[in-house]
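Have a look at the structure below before the remarks.
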């Protein structure tokens with residue numbers, strides 16, 4: 001398979017890539033071995049920290065007509081990331097998405113914009129979800145991305161959809177419990193307890209469930225859960241702050 005070819009070629013060159021990156025290359029190559037191997041040259045150059053060599057390969061791709069404009073835009077985004085230019089990289093990923101939509105390009109455009117210190121625009125992520133309403137993984141990841149930058153209303157709606165389809169999704173349960181708690185919604189207590197059943201020793205889950213109980217439910221139980229969350233050393237700052245409140249109010 002093309003994936004196996006990539007892994008073998010990377011191994012020969014003493015390089016490696018994660019599964020997502022390999023899948024990205026295969027998707028971009030669209031089954032054409034020549035396009036794939038040339039894209040692989042770019043990947044190997046970047047793995048070696050040689051973006052100038054990668055740019056030379058990109059120039060050859062354009063001259064020889066290897067890969068379409070979408071592939072070249074995505075690969076240039078990768079080069080720009082290695083060059084420490086996340087802002088322009090975000091623009092190239094966005095262009096790759098416009099030329100041929102994929103969640104990979106949309107999410108990379110988002111992350112690059114964030115790395116550049118910009119407030120990312122969820123337009124591409126939302127466009128992908130509208131085009132692919134059955135893509136549960138994209139829904140989960142989009143919810144996480146939006147949650148991470150404080151776009152809480154939309155993140156909450158997406159997490160609700162995730163949990164409706166995946167009632168045991170730990171991240172969605174924990175994050176939605178947190179969002180509900182922030183809004184004074186007592187459903188936070190129930191969700192926090194559901195997450196706790198799935199991961200009773202997870203400090204973040206203990207903290208979320210405990211904070212929800214402390215604010216909206218059983219204060220004594222909340223204080224006890226937060227104390228358990230703080231037991232591993234060193235506890236995070238948020239957990240330490242919650243622990244102080246719990247000791248005062250529990």
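Residue numbers (our numbering): 1 to 250. C-beta atoms are modelled at their ideal positions from N, C-alpha and C, and glycine is treated no differently. As the structure is a prediction and not an experimental result, all values here were calculated from the model.
Which of the three DSSP states, helix, strand or coil, is assigned to residue i?
{"i": "residue 166", "result": "coil"}
{"i": "residue 231", "result": "coil"}
{"i": "residue 184", "result": "coil"}
{"i": "residue 102", "result": "coil"}
{"i": "residue 116", "result": "coil"}
{"i": "residue 85", "result": "coil"}
{"i": "residue 138", "result": "helix"}
{"i": "residue 189", "result": "helix"}
{"i": "residue 121", "result": "coil"}
{"i": "residue 42", "result": "helix"}
{"i": "residue 151", "result": "coil"}
{"i": "residue 143", "result": "helix"}
{"i": "residue 13", "result": "Reliability of the predicted coordinates at residue 13 is poor, the pLDDT of 46 falling under 50, and the value obtained from them is presented with this limitation in mind. DSSP places residue 13 in coil when its eight states are reduced to three."}
{"i": "residue 199", "result": "coil"}
{"i": "residue 111", "result": "helix"}
{"i": "residue 48", "result": "coil"}
Residue i: buried (16+ other C-beta within 10 angstroms of its C-beta) or exposed?
{"i": "residue 63", "result": "exposed"}
{"i": "residue 49", "result": "exposed"}
{"i": "residue 131", "result": "exposed"}
{"i": "residue 231", "result": "exposed"}
{"i": "residue 165", "result": "exposed"}
{"i": "residue 198", "result": "exposed"}
{"i": "residue 188", "result": "buried"}
{"i": "residue 223", "result": "buried"}
{"i": "residue 70", "result": "buried"}
{"i": "residue 181", "result": "buried"}
{"i": "residue 167", "result": "exposed"}
Can the beta-carbon of residue i be found closer than 8 Å to that of residue j?
{"i": "residue 143", "j": "residue 172", "result": "yes"}
{"i": "residue 135", "j": "residue 129", "result": "yes"}
{"i": "residue 80", "j": "residue 88", "result": "yes"}
{"i": "residue 73", "j": "residue 99", "result": "yes"}
{"i": "residue 46", "j": "residue 82", "result": "yes"}
{"i": "residue 77", "j": "residue 108", "result": "yes"}
{"i": "residue 154", "j": "residue 176", "result": "no"}
{"i": "residue 125", "j": "residue 151", "result": "no"}
{"i": "residue 251", "j": "residue 162", "result": "Outside the displayed range of the chain (1 to 250) lies residue 251, so it cannot be described from this structure."}
{"i": "residue 225", "j": "residue 215", "result": "no"}
{"i": "residue 97", "j": "residue 105", "result": "yes"}
{"i": "residue 66", "j": "residue 42", "result": "no"}
{"i": "residue 196", "j": "residue 206", "result": "yes"}
{"i": "residue 68", "j": "residue 101", "result": "no"}
{"i": "residue 217", "j": "residue 229", "result": "no"}
{"i": "residue 93", "j": "residue 116", "result": "no"}
The alpha helix (DSSP H) with residue i in it runs from where to where?
{"i": "residue 133", "result": "Neither: residue 133 is in no alpha helix (DSSP H) and is coded neither H nor E."}
{"i": "residue 76", "result": "69 to 82"}
{"i": "residue 57", "result": "51 to 64"}
{"i": "residue 205", "result": "203 to 216"}
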